[in-house]
Amino acid sequence: MSSVSRYVVERSPDQVRLAFKSVLDICKTKNIANVTLVVPQKGGFDRTIVAEFLGPNIVKALVKGQAVLIAQGVQMKLESAQTFQGSWSEGLLIGAHISDKDMNKLDDSIGAQAIVYLPWNDTEGKEWQATWEAQIVGTTTATAPASSLSGPVEEALQNLTQSINLGTGLSHPLDKKRAERTIAQLRQEGHLFDPVEIRRWAQRNGWTSSAAASLEAVARKSNP
């Protein structure tokens with residue numbers, strides 16, 4: 004299971020303020036010193052609602068590539084979805100109004116200790132929350148829906164996970180065949196499952212976002 008703490012901040016007029024308040028609380032609780040703010044693009048960032056909240060001095064420094072102090076012992080830098088390098092990132096990552104595809108880059112980051120997502124629309128926010136069972140920051144008290152996968156299905160997926168090279172996912176023909184056999188056997192045994200839940204399970208259990216999407220595609224091909 005994923006050990007990275009994840010938080011989704013509901014869309015609201017207070018979204019940005021709530022997000023940064025939670026960021027500071029998380030950094031203090033988890034003793035995190037580095038924060039990376041990932042936005043759609045750096046060009047025009049100074050005209051966004053996130054920049055408006057941070058203020059012109061902080062924004063100017065961030066756009067210049069400088070790290071800024073946002074609390075005692077906590078510094079933040081700015082990256083765009085294009086320049087973000089997940090393998091080099093550590094600490095707390097903020098995905099601010101980026102697409103769900105760009106969020107995959109944050110989710111695949113090896114050094115992340117916590118991830119905070121500010122979705123631009125409710126659909127993407129709910130999908131990400133359901134995938135990662137993320138904690139909601141906002142007024143809603145609802146929790147992410149529980150996985151609909153049965154015990155035998157999860158056990159089969161766990162066995163598959165242990166038998167393939169997670170570094171390459173299903174790009175190797177033998178690993179893809181293993182996945183196809185696993186899904187086919189589950190179907191033959193009468194087990195029902197949602198391919199989307201298959202992908203979500205894979206993402207939570209060490210698969211990269213692209214590999215989990217490939218597994219979902221395998222499950223869809225065998226869907227009756």
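Just so you know, we're using our numbering here: the sequence shown kicks off at 4 and counts up by one.
Ideal placement from N, C-alpha and C gives every residue a C-beta, glycine not left out.
Burial state of residue i (16 or more Cβ within 10 Å)
i      : result
ILE113 : exposed
PRO122 : buried
GLU82  : buried
ILE167 : buried
GLU200 : buried
ALA54  : buried
ASP125 : exposed
GLU192 : exposed
Cut-off 8 angstroms between Cβ atoms - residues of its own chain near residue i, not counting five sequence neighbours on either side
i      : result
PHE56  : VAL19, ARG20 and PHE23
SER8   : ILE29, LYS33, GLN116, ALA117, ILE118 and GLN138
THR134 : ARG202, ARG203, GLN206 and ARG207
ALA145 : With a pLDDT of only 47 at ALA145, under 50, the local geometry of the prediction cannot be trusted, and the value read off the model is given with reservation. Excluding sequence neighbours, ALA145 sits near ILE139.
ALA36  : CYS30, GLY76, VAL77, GLN78 and GLY94
GLN188 : ALA159
TRP210 : THR164, LEU169, GLY172 and LEU218
ASN162 : THR185
C-alpha distance - residue i paired with residue j, whole-angstrom precision
i      : j      : result
HIS100 : LYS63  : 19 angstroms
ASN34  : VAL26  : 11 angstroms
LYS108 : ALA74  : 26 angstroms
SER212 : THR171 : 12 angstroms
THR164 : GLY89  : 22 angstroms
ASP17  : LYS67  : 27 angstroms
VAL42  : ALA159 : 38 angstroms
GLU127 : THR51  : 19 angstroms
ASP178 : LYS104 : 24 angstroms
ASP49  : SER174 : 41 angstroms
ARG223 : ALA84  : 29 angstroms
PHE87  : LEU169 : 22 angstroms
LYS180 : LEU218 : 11 angstroms
LYS45  : PRO176 : 39 angstroms
VAL11  : LYS129 : 9 angstroms
ASP111 : GLY58  : 30 angstroms
SER102 : LEU96  : 15 angstroms
LEU40  : ARG190 : 43 angstroms
VAL38  : SER6   : 18 angstroms
Neighbourhood of residue i by C-beta, 7 angstroms cutoff - its chain only, sequence neighbours within 5 removed
i      : result
MET106 : GLY98, TYR120 and TRP131
HIS194 : SER153, PRO155 and VAL156
ASP197 : SER151
VAL70  : A small correction: the amino acid at residue 70 is Ala; Val does not occupy that position in the sequence shown. Excluding sequence neighbours, ALA70 sits near GLN78, MET79 and LYS80.
ILE61  : VAL71
ALA216 : ARG202
GLY141 : VAL12, GLU13, SER15 and LEU21
Span of the beta strand (DSSP E), counted from its first residue to its last, around residue i
i     : result
GLY98 : 93-99
SER83 : 77-83
ARG9  : 8-12
Delimiting residues of the alpha helix (DSSP H) encompassing residue i
i      : result
ILE240 : The question about residue 240 has no answer here: the residues shown for the chain are numbered 4 through 227.
ARG181 : 176-191
ALA64  : 59-66
GLN165 : 154-166
GLY128 : 125-135
LEU27  : 18-33
ALA214 : 212-224
Same chain only: Cβ atoms within 6 angstroms of residue i, ignoring 5 sequence neighbours per side
i      : result
VAL221 : ALA182, GLU183 and ILE186
Check: residue i C-beta below 7 angstroms from any heavy atom of the ligand FAD
i     : result
ILE73 : Among the ligands in the structure shown, none appear at all, so the ligand FAD cannot be discussed.
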